[in-house]
Structure formats: structure tokens, C-alpha cells
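Student: Per my numbering, the very first residue in the sequence shown carries number 3; after that it's consecutive. Virtual Cβ for every residue (Gly too), placed ideally from N, Cα, C.
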Amino acid sequence: MVGAGPGDPELLTVKGYLALKAADVVFFDDLVSPEILELLPAGARCIYVGKPYQSAGISQDDIITQLIAAARGGHRVVRLKGGDPMVFGRSGEELEGLRAAGIAVDVVPGITSASGAAASTRITLTHRDYAAQVSFVTAAKKDGKLADMRGLAGAGKTLVVYMGIARAEALSAALQADGVAAGWPIAIVENATRPNERVIITTVAGLAATIARDVVRSPALFIIGEVVKTYAPAAIATAVAPEARHSQEAHHG
Ligand code: SAH
Numbered sequence: 003m004v005g006a007g008p009g010d011p012e013l014l015t016v017k018g019y020l021a022l023k024a025a026d027v028v029f030f031d032d033l034v035s036p037e038i039l040e041l042l043p044a045g046a047r048c049i050y051v052g053k054p055y056q057s058a059g060i061s062q063d064d065i066i067t068q069l070i071a072a073a074r075g076g077h078r079v080v081r082l083k084g085g086d087p088m089v090f091g092r093s094g095e096e097l098e099g100l101r102a103a104g105i106a107v108d109v110v111p112g113i114t115s116a117s118g119a120a121a122s123t124r125i126t127l128t129h130r131d132y133a134a135q136v137s138f139v140t141a142a143k144k145d146g147k148l149a150d151m152r153g154l155a156g157a158g159k160t161l162v163v164y165m166g167i168a169r170a171e172a173l174s175a176a177l178q179a180d181g182v183a184a185g186w187p188i189a190i191v192e193n194a195t196r197p198n199e200r201v202i203i204t205t206v207a208g209l210a211a212t213i214a215r216d217v218v219r220s221p222a223l224f225i226i227g228e229v230v231k232t233y234a235p236a237a238i239a240t241a242v243a244p245e246a247r248h249s250q251e252a253h254h255g
């Protein structure tokens, strides 16, 4: 079981890369970026087991059955999952199913999308001026209901919400009911670490309207808290570029 990271293929671990290179069969889903699938060896069978947005797709039991069959067939099987397989990846069910079938599984961690988004936006999740804790929460529980958001956001706290697009309205109502200010900052990060990454800054009260206006699509996550003030990728790029040019000129001159 290999974590593919948030999208940029260079964010795969060396261990994950080597496992892919040695694979006979790879099962992957929607969050795995095309650039990573290009790394697969030419002979490897590549099997899509995703659930496109709002469609039922293949069931979790079917995935487990297919994984067991491939492993029993003597193949080197990689189950490739976006981000870190152990964070909102439904790995629990698959690991239990494989264990029950007596199949040995190695787990290779990946960079979870919250870490990828933090790096690419420079939003320091635990900047000491703003937050001493960070929570990773899924908006959607197994029963489809909004997860309990009480006590997770506000002064001194960073909240990262996964799978939140469809539940933005309920999320912002829950946060405000919990005493979070309407104007409390949120960064929406869509396609983090990918060439089409987009960052939109909004507020708790403005979240759903911003998502509708800017047509935010999956995969996207929300970083909620005062740390959003540290978002400054453009400023960093322009501050570094002239200096780098200058030192290069000095070097060559
Ligand atoms: N195991 C994954 C999470 C799977 S749940 C991980 O560790 O990242 C799926 C959710 O992850 C998406 O709805 C979205 O909220 C988030 N996500 C995954 N990849 C993302 C990306 N490149 N950019 C932004 N959010 C992403």
C-alpha cells in the first residue's frame, strides 16, 4: 500500500517509487495524478478502482476482492492512494480485508495533501504567532453527516478540512455556531502541488459563496485559521528572483 502524495510526482517517497517500479499490478483511484501513473513500468497492469465524484463507482468490497485475487495470483501488487494512505484513505478496510485473507502488506507513507498544500502556499500550519495545534478533519463522516467541528477552530488553532466542497455551507454554519467569527480566514487550496494549483482566500461566512463563484472542484481542502496570514508565495518569488540574478551576475562578472 503506497501513498502517492498530493500530486507532484517528485513528492513520492523513494520507497514508494521503488515499489512502483517493481510492480506487476497497480490499483489506483481518482486522487492519483497522471504524472505518477507515467512512472509505472511499461509491463505493469494498471487498474482503476476509483469513485468519480458523486458516483457510486466500484464498492470497497470489490476492491478488496480484486486486491486479494491479484496477490494470490503471485503478482507484486501496489495499491496506490493519493496523499498518505493512513489519512482519510479508507486503508483500514482494505488492510483488514487483506489481513483476514492472510496476505502480507507493507505500507509506504505518503505526503498528505495538507502538508503538500502548506508547502506550496507557504501557509505555516503551526506558525508560533498564530497556532499551537492543527487538526485534520474530514467534512464527511461514513454516514454522510458533517463531522463534529466543535472546539477545532478559532484563536490559536488551525483546522484543515478534507472533502469539504459539498458540505461548505453546513461547515461554515457549524463553525459560526461554535463561536468562530464570520470573518475568520480560510484558504481554499485546489489541486495542491499540481501545475493547476489554485489558492482562494475567503472567510468562514463567505466559504460556500466563494466555492460557487469560483467553481472550486475536487480535490480541494480548506485551511482555516489565522495562519492563513502567512500565505505569500508571490511575495517570496519576487523577493528571491532579483537577488538570485544579482548574485549570478556578480559571479560571472
Ligand atoms: N489520503 C489523502 C486524502 C484522501 S481524502 C491524503 O492524505 O491527502 C480526499 C480529499 O483529500 C479531497 O477531497 C481533498 O480534500 C484532499 N486532497 C487530496 N489531494 C489533494 C490535492 N492535491 N489538493 C487539495 N486537496 C487534496
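Could you check the C-alpha separation between T123 and D108 for me, to the nearest Å?
Tutor: Here residue 123 is taken as the residue at index 121 of the sequence shown, counted from 1. Here residue 108 is taken as the residue at index 106 of the sequence shown, counted from 1. Rounded to the nearest angstrom, the two C-alpha atoms are 32 angstroms apart.
Student: Could you tell me if L20 is buried or exposed, where buried requires 16 or more neighbouring beta carbons within 10 angstroms of its beta carbon?
Tutor: On the sequence shown, residue 20 is found 18 positions in, with the first residue counted as 1. It is exposed - the Cβ of L20 has fewer than 16 other Cβ atoms within 10 Å.
Student: I'd like to know whether the C-beta atoms of V4 and L22 end up nearer to each other than 9 angstroms.
Tutor: Taking the first residue of the sequence shown as 1, we reach residue 4 at position 2. Taking the first residue of the sequence shown as 1, we reach residue 22 at position 20. Yes, the pair counts as a contact, with Cβ atoms nearer than the cut-off.
Student: Let me know if S117 comes out buried or exposed under the rule of 16 or more other beta-carbons within 10 Å of its beta-carbon.
Tutor: Position 115 of the sequence shown holds residue 117. Buried.
Student: Which same chain residues, not among the five before or five after R219, have their C-beta less than 6 angstroms away from its C-beta?
Tutor: Stepping through the sequence shown from its first residue, residue 219 is reached at position 217. Nothing listed; no residue qualifies.
Student: Does DSSP put E40 in a helix, in a strand, or in coil?
Tutor: As a first step, residue 40 must be located in the sequence shown, where it is residue number 38. Correct three-state label for E40: coil.
Student: For D131, count neighbouring Cβ atoms within 10 angstroms of its own Cβ and tell me buried if that reaches 16, exposed if not.
Tutor: For the purposes of this step, residue 131 is taken as the residue at position 129 of the sequence shown. Burial call: exposed.
Student: Taking 8 angstroms as the line, does the beta carbon of P197 fall inside it for any heavy atom of the ligand SAH?
Tutor: The sequence position of residue 197 within the sequence shown is 195, counting from 1. Flag unset: Cβ of P197 not near the ligand SAH.
Student: Contact defined as beta carbons within less than 8 angstroms: I believe A148 pairs with A172. What is the distance between those atoms, to the nearest angstrom?
Tutor: On the sequence shown, residue 148 is found 146 positions in, with the first residue counted as 1. On the sequence shown, residue 172 is found 170 positions in, with the first residue counted as 1. Sequence inspection shows Leu at residue 148; the Ala mentioned does not correspond to that position. That pair is a contact at about 5 angstroms.
Student: How about the region 94-114 and the region 199-206: do they share at least three Cβ pairs that are nearer than 8 angstroms?
Tutor: No, because fewer than three Cβ pairs between the region 94-114 and the region 199-206 fall closer than 8 angstroms, the two stretches do not touch.
Student: For A176, which residues from the same chain have a beta carbon less than 7 angstroms from its beta carbon, with the 5 sequence-adjacent residues on both sides left out?
Tutor: Residue numbering aside, residue 176 sits at position 174 when the sequence shown is read from its first letter. Answer for A176: L148 and M151, listed in chain order.
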